[in-house]
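Engineer: Structure below; questions to follow.
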């Protein structure tokens with residue numbers, strides 16, 4: 001999203017020293033003092049909180065400290081805990097610049113309404129009441145945060161972004177019909193026996209809403225067409241291609257993705273499906289979508305929309321919850337929904353537990369928990385599970401990844417962490433689920449052990465859930481990955497543009 005990057009410290013005179021201190025805090029700006037502390041302590045394990053502290057290090061004050069803040073919020077000084085008044089100091093225009101960007105209630109740098117409150121009443125009251133529950137988000141950068149950061153550091157390109165295409169313009173983002181096929185991809189708004197709308201707009205806007213379609217309703221077996229991207233020049237060795245695909249064709253029609261080859265087969269699905277394709281390219285390249293007609297009858301074909309390409313790792317798994325609006329309206333507080341079981345690259349089995357309407361004593365917000373589960377490789381694994389970090393990402397389905405505000409919670413499996421079980425025994429939280437878990441049965445009748453959960457009861461409020469495109473086409477998408485960490489209580493890095 002920006003040109004800012006961080007690299008491991010290699011003896012530069014000024015650097016950031018990240019450590020696990022008491023709480024989340026950072027100095028503001030480069031203090032030119034050599035080692036500069038930045039604490040990511042207990043309770044700081046969400047992406048938005050980490051971004052908040054890094055923005056401090058990059059020179060950002062809190063949003064409610066702007067010189068014009070009194071036009072937008074009222075600070076209730078008599079409700080602030082004694083000794084914390086300095087957190088609400090205002091910085092005049094000689095100390096801080098708004099960089100020509102309007103006040104942003106949705107900034108990741110804004111305090112919440114009850115920050116440092118003595119009781120239950122707000123310490124910050126928004127002049128526009130509708131924004132009272134908006135301030136204080138810790139999901140991700142807002143668009144205004146990014147605009148200010150890019151202006152401050154003169155960013156004209158993003159360090160890991162390659163392309164985003166919703167196929168709205170006639171030039172289809174510079175993509176071309178490739179040589180070698182005997183058919184063509186079409187730029188359309190609907191298909192008679194296929195998608196009736198694109199996925200970007202879902203029919204909400206008249207005169208827009210295009211996607212690409214390869215028809216297999218006519219022609220002969222083996223007919224094919226190539227849709228080629230423009231040339232890309234990667235800086236890293238790992239890329240993630242993300243797109244939505246709607247298959248309304250025959251059961252043996254194929255969509256092939258060239259660079260790293262992947263085939264998507266299957267019959268009528270009747271909905272837009274999200275796909276992630278991992279690429280590992282170091283030289284300049286194109287992405288090629290090849291549609292191939294199969295032998296079986298077809299009334300539709302293969303459709304593509306909302307393509308994004310970035311130099312990042314793809315999520316390992318996506319959990320798609322359908323009919324989410326109904327579930328949100330009917331699921332009682334305290335009722336838990338579990339994802340399928342997933343297997344990490346090194347063999348640990350895990351799943352996500354979701355309280356759609358929160359815990360019984362904490363309703364109207366979604367809670368999320370990470371569980372280890374018994375799996376096929378348990379006998380060959382190290383227990384308690386040491387230093388894996390799992391990310392639980394609620395995906396903002398904005399069609400352009402540069403404008404998404406995903407909600408991400410991280411859980412780290414500290415092998416020394418303990419809990420007390422129902423019998424009063426002290427056990428290791430991340431020990432083998434067959435030892436510390438409960439025997440459960442899934443919807444298919446399979447039995448397995450599920451370990452205790454670890455996460456948060458305040459993952460996302462329902463107001464925030466509805467403020468972005470977290471629910472789209474009545475689907476709720478949850479990405480998850482687990483990685484092996486190199487454990488170190490501290491980490492040093494240098495700003496790199």
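Numbering (full-length UniProt numbering), first residue to last: 1 to 497. Note that beta-carbon positions come from the ideal geometry of N, C-alpha and C, so glycine has one too. Please read all numbers here as calculations on a predicted model, not as lab measurements.
With H, G and I counted as helix, E and B as strand and the rest as coil, what does DSSP make of residue 69?
Structural biologist: Helix, per DSSP.
Engineer: Just the Cα atoms here: how many angstroms apart are residue 5 and residue 155?
Structural biologist: Using only the alpha carbons, I get a separation of about 11 Å.
Engineer: For residue 437, list the residues DSSP reports as bridge partners.
Structural biologist: Answer by DSSP bridge pairing: none, since residue 437 is not bridged.
Engineer: Let me make sure I understand the geometry here. Which of 413, 123 and 427 has the alpha-carbon closest to that of residue 419?
Structural biologist: Residue 419 has its Cα closest to that of 427, out of 413, 123 and 427.
Engineer: Roughly how many angstroms separate the alpha carbons of residue 223 and residue 360, rounded to a whole number?
Structural biologist: The alpha-carbon atoms of residue 223 and residue 360 are separated by roughly 57 Å.
Engineer: Any idea if residue 106 is buried or exposed, counting beta-carbon neighbours within 10 angstroms, 16 or more meaning buried?
Structural biologist: Under this definition residue 106 is a buried residue.
Engineer: Using DSSP's beta-bridge definition, name the partner residues of residue 292.
Structural biologist: Its beta-bridge partners are 224 and 254.
Engineer: Going by DSSP, what residues sit across from residue 367 in a beta bridge?
Structural biologist: Bridge partners of residue 367: 355.
Engineer: Between the C-alpha atoms of residue 181 and residue 276, what's the straight-line distance to the nearest angstrom?
Structural biologist: Straight-line Cα distance between these residues: approximately 25 Å.
Engineer: Along the chain, which unbroken stretches of the alpha helix (DSSP H) at least 4 residues long are found entirely within the UniProt domain "Peptidase M12A" (1-156)?
Structural biologist: Listed in chain order, the complete alpha helix (DSSP H) runs (minimum 4 residues) inside the UniProt domain "Peptidase M12A" (1-156) are 47-57 and 143-152.
Engineer: Based on Cα-Cα distance, which residue from 462, 424 and 23 lies nearest to residue 355?
Structural biologist: Comparing Cα-Cα distances from residue 355 to each of 462, 424 and 23, the minimum goes to 462.
Engineer: Among 297, 10, 308 and 158, which residue has its Cα nearest to the Cα of residue 399?
Structural biologist: Ranking 297, 10, 308 and 158 by Cα distance to residue 399 puts 308 first.
Engineer: Based on Cα-Cα distance, which residue from 196, 332 and 466 lies nearest to residue 498?
Structural biologist: The first residue shown for the chain is 1 and the last is 497, placing residue 498 beyond what the model contains.
Engineer: Report the CB separation of residue 136 from residue 113 in whole angstroms; it is logged as a contact under 8 Å.
Structural biologist: Right, their Cβ atoms sit about 6 Å apart.
Engineer: Please classify residue 77: is it buried, with 16 or more other beta-carbons within 10 angstroms of its beta-carbon, or exposed?
Structural biologist: Residue 77 comes out exposed.
Engineer: Looking only at its own chain, which residues have a Cβ that is under 7 Å from the Cβ of residue 306, when we skip the five neighbours before and after it?
Structural biologist: The residues are 166, 199, 200, 243, 244 and 399.
Engineer: In the DSSP output, which residue or residues are listed as bridge partners for residue 478?
Structural biologist: In DSSP, residue 478 forms a bridge with 319 and 394.
Engineer: Could you give the residue range of the alpha helix (DSSP H) that holds residue 330?
Structural biologist: From DSSP, the alpha helix (DSSP H) with residue 330 extends over 324-330.
Engineer: Going by C-alpha to C-alpha distance, which of 33, 252, 432 and 409 sits closest to residue 386?
Structural biologist: Closest option to residue 386, Cα to Cα, is 432.
Engineer: Tell me which same chain residues have a C-beta within less than 6 Å of the C-beta of residue 125, skipping the five on either side of it?
Structural biologist: Same-chain partners within the cutoff: 74.
Engineer: Which partner residues does residue 163 have in the DSSP bridge list?
Structural biologist: 309, per the DSSP bridge assignment.
Engineer: Does the count of Cβ pairs from the segment 319-337 and the segment 406-425 closer than 8 Å reach three?
Structural biologist: Not touching, per the Cβ criterion.
Engineer: In the structure shown, what three-state DSSP assignment does residue 240 receive?
Structural biologist: The answer is strand: DSSP assigns residue 240 an E or B state.
Engineer: When we look at the beta-carbon of residue 34 and count the other beta-carbons within 10 Å, is it buried (16 or more) or exposed?
Structural biologist: Burial call: exposed.
Engineer: Would you identify the three-state DSSP class for residue 380, choosing helix, strand or coil?
Structural biologist: In the structure shown, residue 380 sits in a helix (DSSP, three-state: H, G or I).
Engineer: Counting Cβ pairs closer than 8 Å, one from the segment 208-228 and one from the segment 281-295, do we hit at least three?
Structural biologist: Touching, per the Cβ criterion.
Engineer: Compare the C-alpha of residue 36 against each of 12, 46, 65 and 316 and name the closest.
Structural biologist: Closest by alpha carbon: 12.
Engineer: Go ahead and label residue 38 buried or exposed: buried means 16 or more other beta carbons lie within 10 angstroms of its beta carbon, across all protein chains shown.
Structural biologist: Buried, because 16 or more other Cβ atoms sit within 10 Å of the Cβ of residue 38.
Engineer: Just to confirm, is the Cβ distance from residue 436 to residue 455 under 7 Å?
Structural biologist: No, the pair does not count as a contact, with Cβ atoms beyond the cut-off.
Engineer: Taking C-alpha atoms, which residue in 176, 210 and 188 lies nearest to residue 500?
Structural biologist: Beyond the ends of the chain as shown, which are 1 and 497, falls residue 500; an answer cannot be given.
Engineer: Helix, strand or coil for residue 429, going by three-state DSSP, please let me know.
Structural biologist: Note: residue 429 maps to coil in three-state DSSP.
Engineer: Please report the residue range of the beta strand (DSSP E) in which residue 213 lies.
Structural biologist: Where residue 213 is concerned, the enclosing beta strand (DSSP E) stretches over 211-215.
Engineer: How long is the line joining the alpha carbons of residue 184 and residue 177, rounded to whole angstroms?
Structural biologist: Their Cα atoms are separated by approximately 7 Å.
Engineer: Quick one: grab the DSSP three-state call for residue 503.
Structural biologist: As shown, the chain starts at 1 and ends at 497. That puts residue 503 outside it, with no answer to give.
Engineer: Based on the DSSP output, what are the partners of residue 276 in its beta bridges?
Structural biologist: Partner(s): 242.
Engineer: For residue 464, which of helix, strand or coil comes out of DSSP?
Structural biologist: The answer is helix: DSSP assigns residue 464 an H, G or I state.
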